[in-house]
Structure formats: structure tokens, C-alpha cells
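For reference, the structure discussed in these notes is given below.
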Amino acid sequence: MTQENTLIPLAQVEKLLREKWLVTGVPGAARACTLNLVVVLAHVDERPAVQDLLAQTIQRYPNRALIIVPDNDTPEPGMAASVRVSCPGAAAHLYCCEQITIHVREDVWRHAHSAVLPLLLPELPVNIWWHRALDLEDPLFERLQTLADGLLVDAAAQEDPVSTIRALGQVYDRFLWGAMDLSWARLTPWRELIAQAFDPMERRPYLWGIEHVTVSATPTPAGTAAALYLVGWLAGRLGWTPQSTWRTRGRTRELHFTRGETPILVTVTRSRHDYPTPLVRVRLAARSTTTARFTIEVGEEPDLVHITTDVGSVHVRQTVRTRWPEQAHALGEALRINGQDRIFREALDIVLSLLPSSNS
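Numbered per numbering that gives the first Met the number 0, the sequence shown finishes at 359, counting up by one with no gaps.
So this is what it looks like as C-alpha cells:
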């Protein structure tokens, strides 16, 4: 069940929320919040999808959402609100979500933080989901960051994911609170599948003998972000030292690492097909007592993944069913981690060291 009003003055928001709770009509609905989530959109037409997405996360992460949208049709004084109480599902112990959309004209955009502060629930953490190109010099970002306990971004949703990742590194340099990229949260199944390929004890030595990694990614911002984070994760976990930067040669990128005196080549190629996942195939060639190759590849059906292992003359192939994270799951994971993932920070640092200077 969802209720939403037309635009009202900001001063009337709390009063209208109280009225809406009285008429939710949902027996046993609980008003519980664990955090404030401030979402800053790039376009007003993104609002419906984001509202629905937030409603899908409310049962795990009850929150008060403040959604700031640029809207030049907003009447004087340039800021107004609409209020929505959303109660998804019909479970016995139902949580309802408060969503306050703050419509802001361009001429007063830099002052939108003044509308946010009075509407935050006290003594609860404040997470900012910056749903637009991340610019730390943006006047609104500069003001909102003073209220923040954490930051969420999605490099995959931007035309230039590399710029978002660079800016994310600057966040860690400048601020005490953590940050998280939804692109990293979507990578969890791939990290688990690669780890699964090396689960048997007799395969573990090959982890330290990897010589060549090939990553096939879709030619999309999501593919670029996923490939970078996967390479950063492998390098960080396995102790590789970068020896080159992220540069393109046609449809291929080559990265060079070393582990001790052992050279390691990483090749990132563009997939020629459209897949529902940003990565299509990861292949790791290694050497220990013999040569080995481990391949994880999305099958003909998107939820089927083939794991192929060739160790010497022994060939093993298995197919597993994998559930790729939907956007709501990725958002939930990012909220759960809340910038406290040291492995993400390790991978991000590696990725930043791979990126060429923004001036080059």
C-alpha cells in the first residue's frame, strides 16, 4: 500500500506524515527506522524507480528516505515536498517506509541541504546515496557531507565510471566516514564463484601460481566498473604489485603485475554479446606442480554458470545456478556494509593505482 500527496510546503511535512500514519489501514504496521537515507538524483524522472527500489529494501533496512530531485517546475520559494508512506507486502510484522521527496529548483539547488536537516530523524546514522555524477566540489555535496555517516555511489550507473571511482578514492582521503559502490556489491557472486573453483585443498597452490587472468566484460559502464573491481580484488587478496596502468588497445586492455619476481598478465576484453551480468567470463591460468586453467563463464541461461577446471590432463566441468544481485539487493548490501569493508577498500586502492592520471 502506498500513499502520496501533491506538493506541499516543507513546513507541513511532519504534520502530513502523522496524518498518513493514522490512515495507513495496515493492521500491525510498524513505524521503525534504523537510519536516514538521503538520495540525491540527477533527473526528476528517476524518482519513481528509486522510490520503488527503496520500498523493496524497507523490510531489511527500515529508513526514512529523503529524496532530493531537481525540478524547475517547483513553485516559490523554489523548494517543496511530497510525502509517501509505503507498506510493501502483507507480512504480519510489516514495516512501512517514509519517503519524503524534496523538489528543488535549479536556482536554489545549492541550498537544498537546508531542507534536509530539519527532516532527519535524530540519533540515527545518515547515509547519502549520491545518484548522480560524483563531484566533491558540488556545493550541495559539500554541504551534505557535513551531515553524513556514509556515502553510497553506483559507478555502473554513470557514463564515466572511472571518474566516479576516482572521486570515491578522494572521499576516503578527505573524510573520516566510509563509502561504498553498488558495483562492488554486485560483484559478490563472482568473488564467491572464483573462490569456489579453488576450494579443494589440492588446488590451493595454484592460487599463488597464477600467471595470466582473462576477464571478459560487457562494453558498458557496469562492465568497466566490475572488471576494475574484480582485478583490484584479485591483486589485493593475492599480493600482486601493479606494474602498469589501465590503458586500452582496441577492444583489449592489458595490465601487468608482479608477485615477488613472478610476472602476471591480466587481459580485459569486451564481450560481443549482451548479457544480464556485467562480467561474462573469467579465466585464470596458473602453474604449480603442473599447468592449470580455471574458467568461470555465464551459460546460455543467465542464471547458469559453468565452472571448468583443467589441471594437467584432468578436466572437470560443473554447472551451478547463480542468482545475480538485483538492484535492491545491491543497495541493501551497500547499506549493510556501510563503508566498513576493508576488502573493498583494499581493492579500491589497487584500482586507483591502476588508473592513469586524469590529465593524461
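Ideal placement from N, C-alpha and C gives every residue a C-beta, glycine not left out.
- About 19 Å separates the beta carbons of residue 321 and residue 233, which is beyond the 8 Å limit, so they are not a contact pair.
- Secondary structure note for residue 85: its beta strand (DSSP E) is the uninterrupted segment 78-85.
- For residue 14, the closest C-alpha among the options 83, 182, 204 and 355 is that of 83.
- Setting aside the 5 residues that flank it on each side, residue 207 has no residue in the same chain whose C-beta is closer than 6 Å to its C-beta.
- Within the segment 236-284, the complete beta strand (DSSP E) segments at least 3 residues long are 251-258 and 261-269, listed from N- to C-terminus.
- Cα atoms of residue 108 and residue 139: separation of roughly 7 Å, rounded to the nearest angstrom.
- Under the Cβ criterion (8 Å, minimum of three pairs), the segment 254-270 does not count as touching the segment 175-189.
- The three-state secondary structure of residue 339, taken from DSSP, is coil.
- Across the structure, residue 20 and residue 141 are spaced so that their CA atoms are roughly 34 Å apart.
- Just measuring C-alpha positions, the residue of 286, 35 and 230 sitting nearest residue 116 is 35.
- In the assembly as shown, residue 113 is an exposed residue. Its beta-carbon has fewer than 16 other beta-carbons within 10 Å.
- In the three-state scheme derived from DSSP, where H, G and I count as helix and E and B as strand, residue 69 is classed as strand.
- Contact check between the segment 276-288 and the segment 225-241: three or more CB pairs, one atom from each, fall below 8 Å, which counts as touching.
- Taking residue 244 as the centre and dropping the five residues before and after it, the same chain places the C-beta of 353, 354 and 355 closer than 7 Å to its C-beta, in chain order.
- Straight through space, the alpha carbons of residue 182 and residue 216 are spaced by roughly 13 Å.
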